[in-house]
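Trainee:
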Amino acid sequence: MANVSRDNGEAGRAPAAIPRRAFLRHTAAAATALGLAGTLARTERAAATDGTPTGPRLRQWVMVIDLRRCDGCAGLALPPQCTQFCNWSRFVPEQQQWLEVYEKEIVQDLPDSGVNYLPAPCMQCQNAPCVNVCPVGATFHTPEGVVLIDQERCIGCRFCMAACPYDRRFFNWGEPVQPPQVKAAPYNVQTQTPAIKGTVMKCDFCTERAAAGGLPYCVEGCPRGAFYMGDLEEDIATDGQKVVQLSRLLRDNEAFRYKEELGTRPRVYYINGHGEEAPRATSHEETFRKADLEWPWVEIVRVAEARRETSA
Numbered sequence: 008m009a010n011v012s013r014d015n016g017e018a019g020r021a022p023a024a025i026p027r028r029a030f031l032r033h034t035a036a037a038a039t040a041l042g043l044a045g046t047l048a049r050t051e052r053a054a055a056t057d058g059t060p061t062g063p064r065l066r067q068w069v070m071v072i073d074l075r076r077c078d079g080c081a082g083l084a085l086p087p088q089c090t091q092f093c094n095w096s097r098f099v100p101e102q103q104q105w106l107e108v109y110e111k112e113i114v115q116d117l118p119d120s121g122v123n124y125l126p127a128p129c130m131q132c133q134n135a136p137c138v139n140v141c142p143v144g145a146t147f148h149t150p151e152g153v154v155l156i157d158q159e160r161c162i163g164c165r166f167c168m169a170a171c172p173y174d175r176r177f178f179n180w181g182e183p184v185q186p187p188q189v190k191a192a193p194y195n196v197q198t199q200t201p202a203i204k205g206t207v208m209k210c211d212f213c214t215e216r217a218a219a220g221g222l223p224y225c226v227e228g229c230p231r232g233a234f235y236m237g238d239l240e241e242d243i244a245t246d247g248q249k250v251v252q253l254s255r256l257l258r259d260n261e262a263f264r265y266k267e268e269l270g271t272r273p274r275v276y277y278i279n280g281h282g283e284e285a286p287r288a289t290s291h292e293e294t295f296r297k298a299d300l301e302w303p304w305v306e307i308v309r310v311a312e313a314r315r316e317t318s319a
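The sequence shown begins at 8 in this note's numbering and counts up one residue at a time.
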């Protein structure tokens with residue numbers, strides 16, 4: 008059973024992404040999600056005994072992934088859309104998957120499926136090996152419990168990559184392809200843009216969106232509603248459609264944390280399952296299509312650069 012106490016400080020080629028029009032529709036539909044997420048971002052601390060507000064709470068972000076709803080988007084004949092939305096929206100360097108969906112064999116006898124799918128973002132460990140080994144303090148915890156990387160401070164030693172038991176960190180061996188407007192902008196540690204050669208990057212829970220009352224792109228992009236963003240402090244979570252009590256969601260579903268026996272105290276919880284609540288496909292074979300993931304903006308940048316060279 009999950010421990011819900013607060014951790015102080017503590018992939019015929021299918022289309023890789025939903026069409027841009029559908030992407031925009033999905034984002035527009037997320038207006039509801041933004042309103043719900045505002046509940047996470049703006050709720051004020053309960054009044055003190057004398058009725059005087061004591062100020063805004065400090066959020067303690069967590070993520071819950073319901074594996075009963077996750078089929079790796081195989082039933083949709085698409086690569087995992089949580090990863091695709093992340094790639095598209097965060098300008099993730101090519102071939103990196105900050106949120107990777109793993110296909111795992113089920114060891115016990117379960118009906119309707121021989122595998123399950125495990126979406127793996129950064130686990131935002133509160134006892135984070137990456138933070139502990141970084142020699143220059145480039146990897147650090149925010150007050151909200153999220154692990155960030157300051158690429159301007161990172162020296163590229165990759166100690167953090169060796170230390171991460173989840174393999175959720177990525178190194179920029181070459182110059183990352185970035186849209187011109189991103190490359191020209193000042194460095195932003197929250198969005199990790201513009202990406203810097205010779206430094207490490209990873210999932211960051213889209214902290215800048217959370218601060219603005221939004222949801223991470225993986226939560227918005229999941230067509231199955233398998234992702235929840237939650238706040239331990241307020242004990243609430245949302246999948247973009249509804250708000251639930253976080254502790255009850257974890258307790259009633261016996262949520263677990265991946266490799267929690269290592270003592271890393273992850274901030275990502277899983278509800279066990281094998282996609283049994285995801286609608287089954289009737290018009291096509293259900294095939295995991297992670298290999299069809301794309302980094303669409305990368306190709307746009309390359310085409311634009313080729314046109315400029317041709318016209319020069």
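Glycine is no exception: its CB is placed at the ideal position from the N, C-alpha and C atoms.
1. Report the start-end ranges of each alpha helix (DSSP H) in the region 73-148 that is 4 residues or longer and not cut off at the edges.
2. Please state the DSSP three-state secondary structure of GLY228.
3. What does DSSP give as the partner residues of GLY237 in its beta bridges?
4. Could you check if ILE72 is buried or exposed, using at least 16 other CB atoms within 10 Å of its CB as the buried criterion?
5. Select from LYS249, VAL154, LYS209 the residue whose C-alpha is nearest the C-alpha of ARG97.
6. Could you compute how far the alpha carbon of ASP211 sits from the alpha carbon of GLN131?
7. Does the separation of the CB atoms of GLN133 and LEU239 fall below 7 angstroms?
8. When the Cα of ARG315 is compared with those of GLY228, ILE278, PRO187, which residue comes out closest?
9. Would you list the one or two residues that DSSP bridges to VAL154?
10. Is PRO150 buried or exposed, if buried means 16 or more other CB atoms sit within 10 Å of its CB?
11. Figure out for me which residue from PRO136, GLY181, ASN195, GLY152 has the closest Cα to the Cα of CYS167.
12. Are PHE178 and ARG165 close, meaning C-beta to C-beta below 7 angstroms?
13. Does DSSP put VAL184 in a helix, a strand or coil?
14. Could you check whether PHE295 and GLU4 sit closer than 7 angstroms to each other, using their CB atoms as the reference points?
15. Would you kindly report the start and end of the unbroken beta strand (DSSP E) that includes VAL275?
16. If we ignore side chains and look at the alpha-carbon of each, how far apart do THR34 and CYS89 end up?
17. How is THR34 classed by DSSP in three states: helix, strand or coil?
18. Here's the rule I'm using: 16 or more other beta-carbon atoms within 10 Å means buried, otherwise exposed. How should THR271 be labelled?
19. Starting from VAL308, trace the beta strand (DSSP E) both ways and give me its first and last residue.
20. Keeping to the same chain, check which residues put their C-beta closer than 6 angstroms to that of ARG27; ignore five residues upstream and five downstream.
21. May I ask you to list the residues that DSSP assigns as paired with MET208?
22. At a cut of 8 angstroms, does the region 261-269 reach the region 144-163 through at least three beta carbon pairs?
23. Identify whether THR271 lies in helix, strand or coil by the three-state DSSP scheme.
24. Are the beta-carbon atoms of VAL108 and GLY79 separated by less than 7 angstroms?
25. Let me know if ASN139 comes out buried or exposed under the rule of 16 or more other beta-carbons within 10 Å of its beta-carbon.
26. May I ask which residues mark the beginning and end of the alpha helix (DSSP H) holding THR214?
27. Straight-line CA distance for GLY181 to ARG255?
28. So what does THR200 bridge to, in DSSP terms?
29. For VAL320, list the residues DSSP reports as bridge partners.
30. Please report the straight-line C-alpha distance between GLN104 and GLU292, rounded to a whole angstrom.
31. How far does the alpha helix (DSSP H) with PHE166 in it extend, from its first residue to its last?
Mentor: With the given structure in hand:
1. 88-97, 136-140
2. Within the sequence shown, the letter at position 221 stands for residue 228. Reduced to three states, the DSSP call for GLY228 is helix.
3. The sequence position of residue 237 within the sequence shown is 230, counting from 1. Answer by DSSP bridge pairing, in chain order: VAL69, ALA244.
4. Within the sequence shown, the letter at position 65 stands for residue 72. Under this definition ILE72 is a buried residue.
5. Locating residue 97 in the sequence shown gives position 90, where the first residue counts as 1. Checked all of LYS249, VAL154, LYS209; the closest Cα to ARG97 is LYS209.
6. The residue you call residue 211 lines up with position 204 of the sequence shown. The residue you call residue 131 lines up with position 124 of the sequence shown. Going from the Cα of ASP211 to the Cα of GLN131 covers about 8 angstroms.
7. As a first step, residue 133 is located in the sequence shown; it is residue number 126 there, counting from the start. As a first step, residue 239 is located in the sequence shown; it is residue number 232 there, counting from the start. In this structure, LEU239 does not lie closer than 7 angstroms to GLN133 by Cβ.
8. Translated into positions along the sequence shown, residue 315 becomes position 308. When each option's Cα is compared against that of ARG315, the closest is PRO187.
9. Counting from one through the sequence shown, the residue named residue 154 turns up at place 147. Answer by DSSP bridge pairing, in chain order: HIS148.
10. On the sequence shown, residue 150 is found 143 positions in, with the first residue counted as 1. The residue in question, PRO150, is exposed, as its Cβ has fewer than 16 Cβ neighbours within 10 Å.
11. Along the sequence shown, one-based indexing puts residue 167 at 160. Closest option to CYS167, Cα to Cα, is PRO136.
12. Numbered from 1 along the sequence shown, position 171 holds the residue referred to as residue 178. Numbered from 1 along the sequence shown, position 158 holds the residue referred to as residue 165. Yes, the pair counts as a contact, with Cβ atoms nearer than the cut-off.
13. Stepping through the sequence shown from its first residue, residue 184 is reached at position 177. It is coil, neither helix nor strand.
14. Limits of the chain in this structure are 8 at one end and 319 at the other, which puts residue 4 out of reach.
15. Position 268 of the sequence shown, counted from the first residue, corresponds to residue 275. VAL275 -> beta strand (DSSP E) spans 275-278.
16. Along the sequence shown, read from residue 1 onward, the residue named residue 34 stands at position 27. Along the sequence shown, read from residue 1 onward, the residue named residue 89 stands at position 82. With a pLDDT of 42 at THR34, under the threshold of 50, the modelled position of that residue is not reliable, and no figure is offered here.
17. Here residue 34 is taken as the residue at index 27 of the sequence shown, counted from 1. Unreliable placement is indicated for THR34, whose pLDDT of 42 sits below 50; no coordinate value is reported for it.
18. Taking the first residue of the sequence shown as 1, we reach residue 271 at position 264. Buried, since its Cβ has 16 or more Cβ neighbours within 10 Å.
19. Position 301 of the sequence shown, counting from 1, holds the residue named residue 308. Premise fails: VAL308 lies in the alpha helix (DSSP H), 303-318, not in any beta strand (DSSP E).
20. The residue given as residue 27 occupies position 20 in the sequence shown. Caution applies to ARG27, whose pLDDT of 43 falls short of 50 and renders its modelled position unreliable; the value that the coordinates give is listed next. The answer is none, since no qualifying residue turns up.
21. As a working note, residue 208 is residue 201 in the sequence shown. In the DSSP output, where bridge partners are listed per residue, MET208 has PHE177.
22. no
23. Looking up residue 271 in the sequence shown gives position 264. When DSSP states are grouped into helix, strand and coil, THR271 belongs to the coil group.
24. Counted from its first residue, the sequence shown places residue 108 at position 101. Counted from its first residue, the sequence shown places residue 79 at position 72. Result yes, Cβ atoms of VAL108 and GLY79 sit closer than 7 angstroms.
25. By 1-based counting over the sequence shown, the position of residue 139 is 132. The residue is exposed, with fewer than 16 neighbouring Cβ atoms inside 10 Å.
26. Here residue 214 is taken as the residue at index 207 of the sequence shown, counted from 1. Its alpha helix (DSSP H) spans residues 214-218.
27. Position 174 of the sequence shown holds residue 181. Position 248 of the sequence shown holds residue 255. Cα to Cα, the separation comes out at about 45 angstroms.
28. Numbered from 1 along the sequence shown, position 193 holds the residue referred to as residue 200. Bridge partners of THR200: ASN195.
29. Since the first residue shown for the chain is 8 and the last is 319, residue 320 is missing from the structure and cannot be characterised.
30. Here residue 104 corresponds to residue number 97 of the sequence shown, with the count starting at 1. Here residue 292 corresponds to residue number 285 of the sequence shown, with the count starting at 1. About 25 angstroms.
31. Mapped onto the sequence shown, residue 166 falls at position 159. Unbroken alpha helix (DSSP H) run through PHE166: 166-170.
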